[in-house]
Amino acid sequence: MAAALTENGELLAWLRDVVELCKPDDVYICDGSDSEYRRLCELLVKNRTFTRLNEELRPDCFLARSHPSDVARVEDRTYISTTSQDDAGPTNNWAEADVMKLKIARIFLRSMEGRTMYVIPFSMGPVGSPFSRIGIQVTDSPYVVVNMRIMTRMGSDVLEALGKEGSFIPCLHSVGKPLSPLQGDVPWPCEEDPKHKYIVHFPEDPSIWSYGSGYGGNALLGKKCLALRIASAIAHKEGWLAEHMLILALTSPEGKKHYIAGAFPSACGKTNLAMMKPTLPGWKVTCLGDDIAWMRFGADGRLYAMNPETGFFGVAPGTSYESNPNAMDTFTHNSIFTNVALTDEGDVWWEEMGVPAPAHAIDWQGKDWTPEASSKAAHPNSRFTAPAEQCPAIDPDWQNPNGVPISAILFGGRRPSTVPLVNEAFDWEHGVFMGSAAGSETTAAALGQAGVLRRDPFAMLPFCGYNMGDYFAHWLSMADKTKSDKLPRIFTVNWFRKDESGRWLWPGYGENSRVLKWIFERVEGTGEAVDTPIGRLPSPEAIDLSGSDVPRADLERILAVDVEAWTKEAEAIGTYYDTFGDRLPSALRDQLGALRARLEAAG
Ligand code: SAT
Ligand code: MN
Numbered sequence: 024m025a026a027a028l029t030e031n032g033e034l035l036a037w038l039r040d041v042v043e044l045c046k047p048d049d050v051y052i053c054d055g056s057d058s059e060y061r062r063l064c065e066l067l068v069k070n071r072t073f074t075r076l077n078e079e080l081r082p083d084c085f086l087a088r089s090h091p092s093d094v095a096r097v098e099d100r101t102y103i104s105t106t107s108q109d110d111a112g113p114t115n116n117w118a119e120a121d122v123m124k125l126k127i128a129r130i131f132l133r134s135m136e137g138r139t140m141y142v143i144p145f146s147m148g149p150v151g152s153p154f155s156r157i158g159i160q161v162t163d164s165p166y167v168v169v170n171m172r173i174m175t176r177m178g179s180d181v182l183e184a185l186g187k188e189g190s191f192i193p194c195l196h197s198v199g200k201p202l203s204p205l206q207g208d209v210p211w212p213c214e215e216d217p218k219h220k221y222i223v224h225f226p227e228d229p230s231i232w233s234y235g236s237g238y239g240g241n242a243l244l245g246k247k248c249l250a251l252r253i254a255s256a257i258a259h260k261e262g263w264l265a266e267h268m269l270i271l272a273l274t275s276p277e278g279k280k281h282y283i284a285g286a287f288p289s290a291c292g293k294t295n296l297a298m299m300k301p302t303l304p305g306w307k308v309t310c311l312g313d314d315i316a317w318m319r320f321g322a323d324g325r326l327y328a329m330n331p332e333t334g335f336f337g338v339a340p341g342t343s344y345e346s347n348p349n350a351m352d353t354f355t356h357n358s359i360f361t362n363v364a365l366t367d368e369g370d371v372w373w374e375e376m377g378v379p380a381p382a383h384a385i386d387w388q389g390k391d392w393t394p395e396a397s398s399k400a401a402h403p404n405s406r407f408t409a410p411a412e413q414c415p416a417i418d419p420d421w422q423n424p425n426g427v428p429i430s431a432i433l434f435g436g437r438r439p440s441t442v443p444l445v446n447e448a449f450d451w452e453h454g455v456f457m458g459s460a461a462g463s464e465t466t467a468a469a470l471g472q473a474g475v476l477r478r479d480p481f482a483m484l485p486f487c488g489y490n491m492g493d494y495f496a497h498w499l500s501m502a503d504k505t506k507s508d509k510l511p512r513i514f515t516v517n518w519f520r521k522d523e524s525g526r527w528l529w530p531g532y533g534e535n536s537r538v539l540k541w542i543f544e545r546v547e548g549t550g551e552a553v554d555t556p557i558g559r560l561p562s563p564e565a566i567d568l569s570g571s572d573v574p575r576a577d578l579e580r581i582l583a584v585d586v587e588a589w590t591k592e593a594e595a596i597g598t599y600y601d602t603f604g605d606r607l608p609s610a611l612r613d614q615l616g617a618l619r620a621r622l623e624a625a626g
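Taking this note's numbering, the leading residue of the sequence shown gets 24, the next gets one more, and so forth.
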């Protein structure tokens, strides 16, 4: 079957096994060509998965509506499956690897009957780079194929790079809806019962088995499954980092450039920050990635970051010409929209798009919608899939296989109180402490209640493929790999402070350039900072407010350290740390002790 396209023995054997297990009607090996993409889009239109958008308003764009049970990542159905539970750690769902292998194989039995099985050879990172990883995703979803074409480098080049002997990460995916011969298909086939979805990772193989969902990170297996969960476990062994981080370049009015990486949980504004249009005159942001960074030390001792993806899978609601003009100009063509609303003109719409609500639309569930409706037109986790190369702010080095040298790392999240606008770590170890203690209110990006504060260390809680305690130790060990002055500076940022009445205290978006400017100055050694019990903060004068209408009192408030609130925060961090038992590095306990002592001295 695939002999003409690959002579990789391991791949052929695996494909034979998968066909035997899943019993598809047909097998198709993707070549990654433009014509193949167009053909599959047409097929998706015919299957009613896709609606073609108005060719004049949004050329080569499509809308998909998912099944209402299949709208986000399913964290409680996501497993790290290892021999010993200790290797998955307390933050992951665990199942014993051998037991899970038997179970999942039974679940996949005959799962593709009546469907075509697509084989997607893909590379995370530039094809052929020693830092890239090849995956082969097998899927029965053509929707997944066309999304993978935007999000990854995929097709014949990858098979060529794999060659006869190369190794790959097998990624098996089924929507879990086999078709009997006389059964008609539905627009969004999936396993409708969330309890029967399985997103399973075997880091010891490594391999990935995903069953029952066609949505986002559950189904586009190059992304969270390979490039974060599996890659983080590989990186742990090999001495590098696979992180849930955006990568941006910040250029000053004088033309000096620094690269910054930033970890924020899903739906906390990574895409907006990564391609921001600064409101501060003369400053420029260019984008290298909005979700994932693979980082390793270069020969010069600096930490280099590379984005393994080629597209953006961004949250649609809230994206507007005000919040993210560059995203708006990225998905003008060649893009896929999932679970947004369809206007009568055949264009897309969502809440806070910055254009008036249409008098009538079809909502994400395919129902008539008017502005009077009590429900939202777009699902809060509705998404656009758009090629990175179409972003007007894309950085010329975004495909550089060696990556770019990182000057600063940011940790952020949605924290309505306590955590200041920006705070610089005293040193690397203190910065790792800050990352380990990061928290955020939950969002619609994962199934479950939104708006609840949870610890989300390094924004990796749902994505770390091994014991989180070992992950903290791995981060600490980076300091041994280079000289301290070569390490990136570490900062926490928080754009999400509110006052008692729920009013935002900071405008965010392009105005965040004021904070980036201070960070840039700190890296350059010119920015003013004040030592506080929690870290180094700018005095209000150190943040450039020129041309802004942010009230000075608001700025003072979000740069103040509330010792009482921080004492409670330290307590909460201590309780969280207890969950890691003896896998928690002692250096982090010491950091917490030092924070407590500084707070006590200040209070
Ligand atoms: O669905 S994804 O996991 O790709 C998006 C996200 O949650 O970050
Ligand atoms: Mn993400």
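Beta carbons: idealized from backbone N, C-alpha and C, even for Gly.
Taking 7 Å as the line, does the beta carbon of residue i fall inside it for any heavy atom of the ligand MN?
i: residue 524; result: no
i: residue 219; result: no
i: residue 289; result: yes
i: residue 90; result: no
i: residue 267; result: yes
If I measure Cβ to Cβ from residue i and keep anything under 8 Å in the same chain, skipping five residues before and after, which residues do I get?
i: residue 510; result: 326, 451, 501 and 502
Using a 10 Å radius around the Cβ and a threshold of 16 neighbouring Cβ atoms, would you call residue i buried or exposed?
i: residue 258; result: buried
i: residue 176; result: buried
i: residue 378; result: exposed
i: residue 41; result: buried
i: residue 24; result: At residue 24, the pLDDT of 45 sits below 50, so the modelled position is not reliable; the number obtained from the coordinates is stated separately. It counts as exposed.
i: residue 527; result: exposed
i: residue 122; result: exposed
i: residue 254; result: buried
i: residue 205; result: exposed
i: residue 243; result: buried
i: residue 507; result: exposed
i: residue 105; result: buried
i: residue 628; result: Any property of residue 628 remains undetermined from this structure, which presents the chain solely from 24 to 626.
i: residue 3; result: Outside the displayed span of the chain (24 to 626) sits residue 3, for which this structure offers no information.
i: residue 453; result: buried
i: residue 574; result: exposed
i: residue 358; result: buried
i: residue 82; result: exposed
i: residue 523; result: exposed
i: residue 463; result: buried
Would you call the CB atoms of residue i and residue j closer than 8 Å?
i: residue 563; j: residue 550; result: no
i: residue 141; j: residue 64; result: no
i: residue 100; j: residue 221; result: yes
i: residue 135; j: residue 163; result: yes
i: residue 299; j: residue 570; result: no
i: residue 286; j: residue 481; result: yes
i: residue 159; j: residue 252; result: no
i: residue 360; j: residue 239; result: no
i: residue 276; j: residue 305; result: yes
i: residue 349; j: residue 210; result: no
i: residue 114; j: residue 49; result: no
Please indicate yes or no: does the CB of residue i lie closer than 7 Å to some heavy atom of the ligand SAT?
i: residue 239; result: yes
i: residue 96; result: yes
i: residue 314; result: yes
i: residue 468; result: yes
i: residue 407; result: no
i: residue 336; result: yes
i: residue 246; result: yes
Just to confirm my understanding: we take residue i, look at its own chain, exclude 5 residues before and 5 after, and list those with CB closer than 6 Å. What are they?
i: residue 421; result: 311
i: residue 317; result: 265, 329 and 331
i: residue 119; result: none
i: residue 429; result: 282, 284, 326, 328 and 511
i: residue 544; result: 550
Can you round the beta-carbon distance between residue i and residue j to whole angstroms, since I take them to be within the 8 Å contact cut?
i: residue 581; j: residue 520; result: 5 Å
i: residue 294; j: residue 347; result: 7 Å
i: residue 112; j: residue 489; result: 7 Å
Below 7 Å CB to CB, which residues in the same chain sit around residue i once its five sequence neighbours on both sides are set aside?
i: residue 150; result: 176, 180, 181 and 184
i: residue 389; result: 88
i: residue 442; result: 515 and 517
i: residue 170; result: 243, 359 and 408
With a cut-off of 8 Å, does the C-beta of residue i fall near any C-beta of chain D?
i: residue 72; result: Annotation note: the requested chain D is absent from the structure, which comprises a single protein chain.
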